[in-house]
Amino acid sequence: MKPIERLRALDAESKLLEHIGAALGWDQETYMPSGAIEERADQLAFIEALAHEKATAPEIGDLLGALGSTGENPGGPESLPTIDRAYLRVLRRKYDQATKLPVELVSELAKATSLSQAAWAEARKNDDFKAFEPYLTKMLGYQKRVAACLAPDAKPYDTLLDQYEEGATEAQIASVFGALRTDLVLLLDKIRGRPQIDDSFLRRRSPVDGQAKASEYLMKVLSYDTSRGRLDTTAHPFTTTLGGSDVRITTRYDEDFFPSSVFSTIHETGHALYELGIDPSPEYRRTSLAEASSMAVHESQSRLWENTVGRSLGFWLQHLPMLKQTLSPVLDGVGLEDFYRAVNRVEPSLVRVEADEVTYGLHVILRFELEGRLLSGDLAVSDLPAAWNEGMRRLLGVVPPDDASGCLQDIHWAIGLFGYFPSYALGNLYGAQWWDAMKAQGLDPKEAVELGDLGSILSWLRTNVHKPGAMYKPGELVERVTGSPLDPSHFVRYLNDKYAGVYGF
Ligand code: ZN
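Numbering-wise, the sequence shown is residues 79 to 583 according to the working numbering.
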C-alpha cells in the first residue's frame with residue numbers, strides 16, 4: 079500500500095469512530111431514555127478516547143513525515159498532486175493539534191469543562207455571576223495553556239481563532255468587524271427612525287402538527303435528500319454528520335411562535351446541504367478532506383438559506399400559500415407583504431440567538447471584543463459583567479437587567495470556546511459574498527428564488543463551496559470563488575437594500 083493510501087486508511091478508521099460517536103450523541107439528544115445518561119457518557123468517553131488514540135498514532139506522524147509534510151510545509155513537495163497536498167495539509171494540522179496537547183492537560187480540561195458547564199447552568203439559573211467567576215477564570219487559564227502548547231510564540235487569541243477559522247487573526251477580524259460595526263449601527267439608527275412593524279400574528283397559537291408538516295415541506299423545497307438524512311426534535315436545533323450519506327438535523331416547535339421552527343429547519347437544512355454536497359470521490363470519502371472549510375463557511379450556508387433566501391419576498395411569494403394552508407387558520411387574512419415585513423422585523427434585544435439579521439452582528443462583535451480583552455489580560459474576569467453591559471448600551475442601546483440575560487446567556491465561554499463567536503458573523507459576510515459572486519457569474523439568485531428555482535442556487539453552491547470540502551482554507555476559498563478576500567461591504571449592501579424596502583426609507 080502506498081503511504082498516502084495507508085494514511086487515508088488510518089484516517090478512515092478515525093472517521094468511523096467519529097461517526098459512531100455522532101450516532102450516540104444524536105441519540106442522546108433525541109430518543110435516548112433519560113435513565114441511560116450515565117452509561118451513554120461512558121460509551122461516548124470510551125469512543126472519544128479510542129478516537130484520540132487513533133488520531134495521534136505515531137504511524138500517522140511517520141507517514142506524514144515520509145510524504146514530506148512538515149509543520150512549515152504541511153502540504154509536502156510541490157511534485158505531489160494538488161489533492162494529495164491539500165489532504166496532507168489538513169491531516170498535518172489535525173495531527174499536530176491532537177499531539178501537541180499533553181495527555182494530562184486534555185483529561186484535566188475535559189473534567190474542568192464539565193464542572194464549568196454545570197456551574198454556568200446553575201449560575202445562569204440563579205443570575206449569580208460571582209458563583210461562576212472562578213470557573214470562568216479557570217477555563218480562560220486552560221485555554222491560554224492550550225494556545226501556548228499549540229503555538230508558543232503566537233498571540234493566544236490568534237491561536238484560538240485559528241482553530242475555527244484557519245488563518246484568521248484578531249487584527250484581521252478586528253478590521254473586518256470595525257467596518258461592519260459602523261455600518262450596522264448606522265443602519266440600525268435609520269430603522270429606529272421608522273415606525274415599528276406589527277408582527278403580532280406570528281405569535282398566534284400554532285399546533286406542532288402543522289409546523290412539522292411545514293418543516294417537511296421546506297426540507298423538500300430546499301432539496302434535502304431524506305434518504306440521506308432526517309429531521310427530529312430537540313430543545314436546541316443542530317445538524318450532525320453520521321456519515322457521508324447520513325446528515326441529520328433537528329428543529330424545535332414553539333406553539334406560540336411558529337417562525338422558530340420554520341427558520342430553524344431552513345437554517346439546519348442549509349448546514350446539512352453543505353455536508354451532503356461534499357465530493358463523494360474516494361479521495362474524499364471517509365477522510366478529513368470531507369469536512370467543511372471552516373465554521374464560518376458552514377454558517378454561511380445555513381444563513382444564506384435561512385435569511386437571504388428564506389426571509390426574502392420572492393421565497394414567500396412561492397411558499398406562503400403552502401404555509402397558510404398547513405398552519406390554517408393561523409395566517410388567515412395575512413398578506414404576502416405583511417408576512418415578509420414581520421419575519422424581517424428589527425429590534426435591538428438582549429439575547430443573541432433571538433436577534434434579527436441587522437443586530438445579530440453587533441451581538442457577535444461585542445463577544446469578539448470582550449474575549450480578545452479577556453485573553454490579552456486587558457479585561458479582568460471580575461469586570462466582565464460591567465464591560466458587557468457597557469458594550470450592549472454602546473452597540474445596541476439596550477442594557478441587560480441582570481447577568482442571566484447578559485454575560486451569562488451563552489454556553490461558549492463556560493465550555494472553553496474562546497474564538498468561536500466570530501464564525502457566526504463571518505458566516506453572514508461569506509454568504510453575502512457568495513450571493514454577489516453568483517450574480518457576477520451570470521446567475522440571478524434573486525430572480526431564481528422568485529421563480530421557485532432554488533436548484534440553480536444549490537447547484538452553484540455545490541460546485542463552488544460544498545464539493546471542495548476542506549480542500550481550501552476559508553481565506554483561499556473565498557478568493558478562488560469570488561476573486562477577492564472576505565469583504566464586509568457585500569453584506570452591508572445587502573442589508574441596506576433589503577431594509578430600505580422593509581422599513582421604507
Ligand atoms: Zn448554524
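Heads up, the beta-carbon is just placed ideally off N, CA and C, and yes, glycines get one too.
All figures in this text were calculated on a predicted structure; none of them were measured in a lab.
Asked                                                                                                             : Found
Cutoff 6 Å; reference Arg430; Cβ partners in own chain excluding five residues on either side                     : His441
Classification of Gly149 by the beta-carbon crowding that lies within 10 angstroms, buried from 16 upward         : exposed
Beta-carbon spacing of Gly388, Phe341 below 8 Å                                                                   : yes
Simplified DSSP assignment, three categories, for Leu296                                                          : helix
Residues that Asp461 bridges to, as DSSP identifies them                                                          : Answer is none; Asp461 lacks a bridge partner.
Inter-stretch contact (C-beta, 8 Å, three-pair minimum) for the region 342-362 and the region 327-334             : yes
Extent of the continuous beta strand (DSSP E) to which Gly321 belongs                                             : 317-321
Which listed residue (Ala578, Arg419, Met549) has its alpha carbon closest to that of Ala164                      : Met549
Contact set for Ala590: own chain, Cβ-Cβ below 6 Å, skip 5 residues either direction                              : For residue 590 there is no data in the structure shown, the boundaries of the chain being 79 and 583.
One or two residues paired with Leu309 in a DSSP bridge                                                           : Ile327
Reduced DSSP secondary structure (H/G/I, E/B, other) of Cys227                                                    : helix
Contact set for Trp308: own chain, Cβ-Cβ below 7 Å, skip 5 residues either direction                              : Checking the displayed sequence, the identity of residue 308 turns out to be Arg instead of Trp. Here the set comprises Arg326.
Spatial neighbours of Lys172 in its chain, beta-carbon cut-off 8 Å, leaving aside the 5 residues before and after : Ala133, Ser366
Close beta carbons around Ala370, own chain, < 6 Å, minus the five adjacent residues each side                    : His376
Own chain partners of Thr437 with C-beta closer than 8 Å, once the 5 adjacent residues on each side are dropped   : Leu262, Leu266, Val424, Glu425, Pro426, Ser427, Leu474
Cβ-heavy atom distance, His349 to ligand 1, below 7 Å                                                             : yes
Beta carbon of Val286 nearer than 8 Å to that of Pro337                                                           : no
Of the listed residues Leu354, Arg363, Ala313, nearest to Ser339 (C-alpha basis)                                  : Ala313
Three or more C-beta pairs below 8 Å linking the region 537-546 and the region 505-522                            : yes
Pick from Ala119, Gly355, Asp434, Pro360 that is closest to Leu573, judged by C-alpha positions                   : Asp434
Secondary structure of Ala433, DSSP reduced to three states                                                       : coil
Per-residue burial, Ala518 [other beta carbons within 10 Å of its own, 16 or more giving buried]                  : exposed
Nearest-angstrom Cα separation, counted from Glu528 out to Ser284                                                 : 27 Å
His345 Cβ short of 7 Å to ligand 3 heavy atom set                                                                 : Of the ligands one can find in the structure shown, namely ligand 1, none is ligand 3.
Local conformation of Leu145 per DSSP, three classes                                                              : coil
Local Cβ density within 10 Å of Arg189, reported as buried at 16 or more and exposed below that                   : The question names Arg, but residue 189 in the sequence shown is Lys. When all chains shown are included, Lys189 counts as exposed.
Residue closest to Gly579, alpha-carbon to alpha-carbon, out of Asn204, Gln241, Tyr418                            : Tyr418
Start and end residues, alpha helix (DSSP H) containing Tyr418                                                    : 414-420
Three-way DSSP call (helix, strand, coil) for Arg86 in this model                                                 : helix
Test: Tyr352 CB closer than 8 Å to a CB of chain B                                                                : Annotation note: the requested chain B is absent from the structure, which comprises a single protein chain.
Leu504 to Gln250 span [Cα, whole Å]                                                                               : 12 Å
Lys233 in three-state terms, based on DSSP                                                                        : coil
Buried or exposed (CB count within 10 angstroms, at least 16 for buried), Ile115                                  : exposed
Through-space distance from Leu264 to His97, alpha-carbon basis                                                   : 45 Å
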